[in-house]
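Residue numbers (the working numbering): 415 to 732.
A virtual CB, placed ideally from N, CA and C, is assigned to each residue, including glycine.
Since the model is a prediction, treat every value here as computed from it, not as a measurement.
Encoded as structure tokens, the structure appears first; notes follow it.
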Amino acid sequence: MTPDIPADGPFPGTPGKASPTLACSGAASRPELGDDCWFLAGPTAAGKTSLGIRMAERLGAEIVSVDSMAVYRGLDIGTAKPGPAERSRLPHHLVDVVPPSEAYNVARWLADVTTAIAGIRARGRQILFVGGTPLYLRALRDGLADVPGEVPEIRERLRAEIAAVGPAVLHHRLAGVDPEAARRIHQNDAKRIIRALEVAASGVPLSAAFAPAPHPVFSRQMMVLDLPREVLRDRIDRRVERMFAEGLVDETRRAAEGPGGIGPTASQAAGYSEALGVLAGTLPISDAIRLTQARTRQLAKRQLTWLRSFSGAVWIAA
415 MTPDIPADGP
425 FPGTPGKASP
435 TLACSGAASR
445 PELGDDCWFL
455 AGPTAAGKTS
465 LGIRMAERLG
475 AEIVSVDSMA
485 VYRGLDIGTA
495 KPGPAERSRL
505 PHHLVDVVPP
515 SEAYNVARWL
525 ADVTTAIAGI
535 RARGRQILFV
545 GGTPLYLRAL
555 RDGLADVPGE
565 VPEIRERLRA
575 EIAAVGPAVL
585 HHRLAGVDPE
595 AARRIHQNDA
605 KRIIRALEVA
615 ASGVPLSAAF
625 APAPHPVFSR
635 QMMVLDLPRE
645 VLRDRIDRRV
655 ERMFAEGLVD
665 ETRRAAEGPG
675 GIGPTASQAA
685 GYSEALGVLA
695 GTLPISDAIR
705 LTQARTRQLA
715 KRQLTWLRSF
725 SGAVWIAA
């Protein structure tokens with residue numbers, strides 16, 4: 415259940431009038447954010463999609479997704495992205511951008527955001543960012559300095575190492591070369607550990623990618639959906655059960671059998687890696703559901719940890 419929105423919304427300020435600024439830093443390679451930009455964040459299963467649509471309709475806004483998995487076409491059930499009915503109500507950007515076989519990263523997302531908001535502004539609309547991917551939110555706030563691109567040889571070697579010894583061992587290695595990145599990345603987050611070590615191999619730590627700027631870049635406070643831990647846990651568990659009941663395994667099969675299959679980025683998303691295990695016959699569906707619930711709860715915990723560190727955010731009851 416999402417909170418009721420009064421006529422002027424639960425959000426600080428109104429179009430054309432800025433609210434108190436959010437204390438943050440900025441850098442190059444970041445879209446230009448102005449008073450026409452609004453921000454709604456929260457953990458997975460908090461109710462961002464429905465509230466975001468209601469807010470956007472009140473604001474006269476189009477929605478820009480801040481979700482690293484919503485970019486994949488055909489991965490609908492497991493990502494809980496807005497469905498056709500929701501997207502028919504108003505435009506959603508950065509949803510269904512690439513096939514699941516393709517790699518997609520934060521630098522590309524920032525470039526796509528820049529293109530999207532230019533079009534929204536040309537139509538005279540407000541911009542509402544909705545999502546909960548911490549890396550993307552941080553990049554939107556801080557921008558990205560120049561960092562090396564993917565290095566296939568290094569990446570494949572690191573993947574093989576993680577498969578052999580587990581992510582915790584490589585996380586310990588990361589702590590030795592980039593302590594700040596290790597502090598921010600969970601020891602089981604294989605994808606981000608690999609990327610951080612890949613960048614560190616160039617001699618420039620990943621933590622240097624987020625460079626400071628001398629002034630705030632969010633004209634409006636970021637709103638964050640808040641709800642009791644036990645309520646969020648129950649929502650997550652029920653959502654995962656519903657995902658599998660509605661055909662997550664079949665959706666994963668279709669993606670795996672499509673052109674290029676499911677790439678390493680998409681296949682690591684909670685639910686899809688477990689569904690692949692079901693398809694391979696190595697994981698009973700009951701275990702897949704349980705593991706997906708646990709991974710999604712861990713994701714929500716990481717999201718909340720980062721959001722609580724975001725100075726100046728306004729928390730609203732979900």
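Pick from the options that is closest to residue i, judged by C-alpha positions
| i | options | result |
| --- | --- | --- |
| residue 634 | 444, 452, 446 | 452 |
| residue 541 | 654, 642, 632 | 632 |
| residue 671 | 514, 490, 491, 612 | 514 |
| residue 702 | 661, 549, 689 | 689 |
| residue 617 | 636, 588, 500, 599 | 588 |
| residue 550 | 615, 606, 675 | 606 |
| residue 685 | 487, 706, 603 | 706 |
| residue 579 | 604, 466, 599, 716 | 604 |
| residue 657 | 463, 493, 450, 610 | 493 |
Neighbour flag for residue i against chain C, beta carbons, 8 angstroms
| i | result |
| --- | --- |
| residue 635 | Looking at the structure shown, chain C is missing, and only one protein chain is on hand. |
Cα-Cα separation between residue i and residue j, rounded to whole angstroms
| i | j | result |
| --- | --- | --- |
| residue 441 | residue 556 | Residue confidence is low: residue 441 scores 43 on pLDDT, short of 50, so the model does not pin down where it sits. Its coordinate-derived value is still stated next. Roughly 5 angstroms separates the two Cα atoms. |
| residue 477 | residue 575 | 39 angstroms |
| residue 491 | residue 699 | 16 angstroms |
| residue 525 | residue 662 | 30 angstroms |
| residue 726 | residue 570 | 40 angstroms |
| residue 601 | residue 538 | 44 angstroms |
| residue 711 | residue 651 | 8 angstroms |
| residue 446 | residue 528 | 8 angstroms |
| residue 724 | residue 573 | 31 angstroms |
| residue 694 | residue 489 | 19 angstroms |
Residue i: first and last residue of the uninterrupted beta strand (DSSP E) it sits in
| i | result |
| --- | --- |
| residue 640 | 637-640 |
| residue 504 | No beta strand (DSSP E) holds residue 504; DSSP gives it neither H nor E. |
| residue 682 | No beta strand (DSSP E) holds residue 682; DSSP gives it neither H nor E. |
| residue 477 | 475-480 |
| residue 453 | 451-455 |
| residue 545 | 540-545 |
| residue 730 | 728-731 |
Nearest-angstrom Cβ-Cβ length linking residue i and residue j, presumed shorter than 8 angstroms
| i | j | result |
| --- | --- | --- |
| residue 714 | residue 459 | 7 angstroms |
| residue 592 | residue 620 | 6 angstroms |
| residue 544 | residue 639 | Actually they are not in contact, since the Cβ atoms of residue 544 and residue 639 sit about 10 angstroms apart, beyond 8 angstroms. |
Start-to-end residues for the alpha helix (DSSP H) that takes in residue i
| i | result |
| --- | --- |
| residue 805 | An answer regarding residue 805 cannot be provided, because it is not within the stretch 415 to 732 covered by the chain. |
| residue 583 | 581-591 |
Any 3 or more C-beta pairs closer than 8 angstroms across the segment 562-582 and the segment 468-486: No, the segment 562-582 is not in contact with the segment 468-486.
Flag this pair as touching only if the segment 515-532 and the segment 582-595 have three or more C-beta atom pairs under 8 angstroms; answer yes or no. Because the criterion of three Cβ pairs below 8 angstroms is not met, the segment 515-532 and the segment 582-595 do not touch.
Check whether the segment 497-504 and the segment 655-669 touch, using three or more Cβ-Cβ pairs below 8 angstroms as the test. No: the two stretches stay apart, fewer than three of their Cβ pairs being nearer than 8 angstroms.
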